[in-house]
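For the sequence shown, the residue numbers in the working numbering are -5 to 413.
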Amino acid sequence: MSIKVINIVNHPPAYEGHRGRPRPEINWDTPNGSWVGIWGYEWHDIIGKRTLRAADDIIYEVWQPDLRADKIYEHTFEGGLIHKLFPAIQKKFVHGLKLRKDIYSKTLMEHLEKEINKNQALAVHINAGFRYINIPILNKYSKKVPIVGQFYTNSSSIFDIPKTKNPFKLLNAYKKRWELYNYYKKLKYIIPSVKKGMEIFEDKFGAKVFHRDFANFGSQFDEWERTLTKEEAKKQLNIPPDKFIMFSSSRLIPIKQIDKMIEVLAQLENRNFICYISGRGSEDYEHYLKKVVEKHKLEENIYFIGYVDYDVLQKYFQAAYLLVSTSAQDAGPASPFQAAAMETPAFLTATGIAEEFFMKEKAGIIVPTHNYELWRKELNTILNGKKINVPERKKIIEFGSWEKVAHYYYHIYKTITKS
């Protein structure tokens, strides 16, 4: 009997981040004059496509709530992956002492119940983070169907209580932790992002954590290989030949700390640099970041390039003397690995599997996530000629092997449906 996997996305499609670009190839007009679309490269899609290549007894569906959708929209990709969009709303709820807002889909819940009531081998794959859409799923179905939760961010400090004497902050933190305990005691299977901090899920909640010694997402690093010298890449991108080039590649959201990075760059002793920043965020947040650049008079030093085509992105990685990755909390990120595959050294914060891998390989410059003074000191030494080790290409490719990763997910689905 085939196993059916339903992998539930906890956020809507990134329409805002793709504003100004053409619609994805898969799209539909909606009755109110808007449109919905499926790009097909959510991590959930990529995991599903790769797992389907590794196994012939899996049916894989990705379900995604969509604030634009008026009904269920569905597309089947070559290879068999099915992606569905469900009508959704923003729902207010209280977490700790604070009112929050998150996405919810009644239609998705109704269809999930129908699937669970069928006589089939079914695995439900959700984001392990505390998300409103997961609460009714865990409350209602944790004993009826195997549910595996995947951490897409660094989960090592999830239960920490802040060091503060503020009674409101302390009460908020303790109430949140109590709610998290009730949430995680229902999640019996976990796909971790990092190794650190998993003991509490195993010891306190009795969860099965699927440990591994490779990446939790595969990467086609065989396609990430230097083909240009730095000088050649600069010339093709019309970059001044005499500048020290830094590159940052991520979504432009607060957790990536791009604003903090800009403020640190403004304090460097040597301003003979250009930092190119790729990625998109909300219109308001991008406007805020550009205002930070203007405030520090860095218009000649920092350029936002948005989303660029794959071949252009690789040229920026090759033109850079340094990849700068400053996330406050991340399961990856991917960019230090991509840079290393292009023989470009990385300056990265201590979060995610990148920290674990680069620490093991004694490579890169790893700094604390919030010690901005240390960021400044390290970047000054780098601009003054400090040499940085780059991980061995063979080890990067092996660490992110999609063959390993796909079989890892397949093993998880087989294991939990047999339990």
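Think of the CB as a built atom: it goes at the ideal place given N, C-alpha and C, for glycine as much as any other residue.
All values reported here derive from a predicted model rather than from experimental measurement.
Could you give the DSSP three-state label for residue i: helix, strand or coil?
i      : result
Leu61  : coil
Ile155 : coil
Trp33  : coil
Asp236 : coil
Ser276 : coil
Ser242 : strand
His77  : strand
Tyr146 : coil
Lys163 : helix
Tyr402 : helix
Find the nearest neighbour of residue i within the set the options, judged by alpha-carbon distance.
i      : options                        : result
Ile390 : Tyr403, Lys354, Asn374         : Lys354
His290 : Gln308, Phe311, Ala314, Met255 : Met255
Asp305 : Thr70, Glu217, Gly379          : Glu217
Phe195 : Leu116, Lys180, Thr409         : Lys180
Leu93  : Lys170, Pro140, Gly27, Lys134  : Lys170
Val88  : Ser329, Glu173, Phe204         : Glu173
Phe204 : Thr223, Ile184, Lys190         : Ile184
In chain order, what residues of the same chain have a beta carbon less than 8 angstroms from the beta carbon of residue i, not counting five sequence neighbours either side?
i      : result
Ala344 : Ile360, Val361, Pro362, Thr363
Phe80  : Trp57, Gln58, Pro59, Asp60, Ala63, Ile66, Ser99, Thr101, Leu102, His105
Tyr168 : Ile155
Trp29  : Arg17, Asn21, Trp22, Asp23, Arg62
Lys138 : Ile110
Report yes if the C-beta distance between residue i and residue j is below 9 angstroms; otherwise report no.
i      : j      : result
Asn166 : Pro186 : no
Phe124 : Val188 : no
Gly346 : Val384 : no
Phe241 : Tyr301 : no
Trp37  : Gly31  : no
Pro339 : Tyr366 : no
Phe238 : Ile271 : no
Ala313 : Ile410 : no
Ala201 : Tyr177 : no
Ser321 : Gln261 : no
Tyr279 : Pro248 : yes
Just confirm the distance between the C-beta atoms of residue i and residue j, as a whole number of angstroms; I'd bet it's less than 8 angstroms.
i      : j       : result
Ile97  : Glu55   : Not really, about 18 angstroms apart at Cβ, beyond 8 angstroms.
Ile41  : Tyr403  : 6 angstroms
Gln114 : Lys(-2) : 6 angstroms
Gly273 : Ser243  : 6 angstroms
Thr147 : Ala325  : 5 angstroms
His77  : Gly34   : 7 angstroms
Asn4   : Ile141  : That pair is no contact at about 13 angstroms.
Leu75  : Asp39   : 6 angstroms
Ala117 : His401  : Contact flag wrong, Cβ pair sits at about 15 angstroms.
In chain order, what residues of the same chain lie with their CB nearer than 6 angstroms to the CB of residue i, ignoring the 5 residues before and after it?
i      : result
Lys95  : Gln84, Lys86
Lys398 : Phe208
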